[in-house]
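In my numbering, the protein residues as written are 34 to 274. Note that beta-carbon positions come from the ideal geometry of N, C-alpha and C, so glycine has one too. Below is one structure, written out as structure tokens; the observations come after it.
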């Protein structure tokens, strides 16, 4: 009896990117650029993007941080604590007006994941939207927000190795994978630190659109793609914490 090959998942059309003050630029724009390239191909021509935030004000990649490392939600500059170098992105939707048909939601990390204001706005949104998503992708300490939302409970996941102890403590019911560039568990994809988000997104593209499309996307980006999710050269940082 001849077995029938498993069909690839149906492609998606609606992507959402969560942003907040102090998000890590490459956490967001690494996967975004892979999707930008994908959208210029026949395979990804139907992709649309929503940039989601608490308000429609431009969202900076920097936040104020006190001398003891606390994120300050008041962005007014002071002489003693200001991270003012960075970029800003303009949201297309607020969390309250986000389209109902989001299929892939990407959550970057960054210093801002420690902000009480960000926790109060992003975590409830993740918790509410997760059941309706086809895919959730976190990059770096974006897993901190997903863990707080409880959407990683009972699943395998990973995060930035330099902040491993801090993030994993927020998800006692998560099966944290120490040595992983990225982890796929059902509809949840989690990437390790910063640049790992590119490898994770390319792996996701391979899963949904096929490996040839992922290879073409990486080649156009002139990016040397990692095909082995377990090849993690930064695991050593965990033991130094």
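Cβ pair residue i, residue j closer than 9 Å
i           : j           : result
residue 169 : residue 127 : no
residue 178 : residue 140 : yes
residue 176 : residue 200 : yes
residue 215 : residue 233 : yes
residue 217 : residue 236 : yes
residue 194 : residue 265 : yes
residue 223 : residue 202 : no
residue 137 : residue 47  : yes
residue 268 : residue 212 : yes
Bounding residues of the beta strand (DSSP E) (the contiguous stretch that carries residue i)
i           : result
residue 49  : 47–51
residue 149 : Segment 149–162 is the alpha helix (DSSP H) holding residue 149; no beta strand (DSSP E) there.
residue 192 : It is not in any beta strand (DSSP E) - residue 192 carries neither H nor E in the DSSP assignment.
residue 207 : Run containing residue 207: none; DSSP gives neither H nor E here.
residue 140 : 137–140
Extent of the continuous alpha helix (DSSP H) run through residue i
i           : result
residue 178 : 175–182
residue 272 : 269–272
residue 70  : 58–72
residue 201 : 197–201
Bridge partners - residue i, DSSP secondary structure assignment
i           : result
residue 82  : 48
residue 104 : 98
residue 218 : 221
residue 22  : Because the chain in this structure spans residues 34 to 274, residue 22 falls outside the shown range and cannot be described.
residue 127 : 86
Counting pairs of beta carbons, one from the region 170–185 and one from the region 78–96, are three or more of them closer than 8 Å? Segment contact: the region 170–185 against the region 78–96, fewer than three CB-CB distances shorter than 8 Å; contact not assigned.
Cβ pair count under 8 Å reaching 3, the region 51–66 against the region 221–232: With a cut-off of 8 Å, the region 221–232 and the region 51–66 count as touching, because enough Cβ pairs lie within range.
Entirely enclosed alpha helix (DSSP H) segments - the region 226–260, minimum 4 residues: Considered as a whole, the region 226–260 harbours 229–242 and 244–254 as its complete alpha helix (DSSP H) runs of no fewer than 4 residues, in chain order.
Is the region 73–90 touching the region 159–166 in the sense that three or more CB pairs, one from each, lie closer than 8 Å? With contact defined as three or more Cβ pairs closer than 8 Å, the region 159–166 and the region 73–90 are not in contact.
The region 243–253 contacting the region 65–75, beta-carbon criterion three pairs below 8 Å: Counting C-beta pairs with one atom in each stretch, the region 243–253 and the region 65–75 have three or more that are closer than 8 Å, which means they touch.
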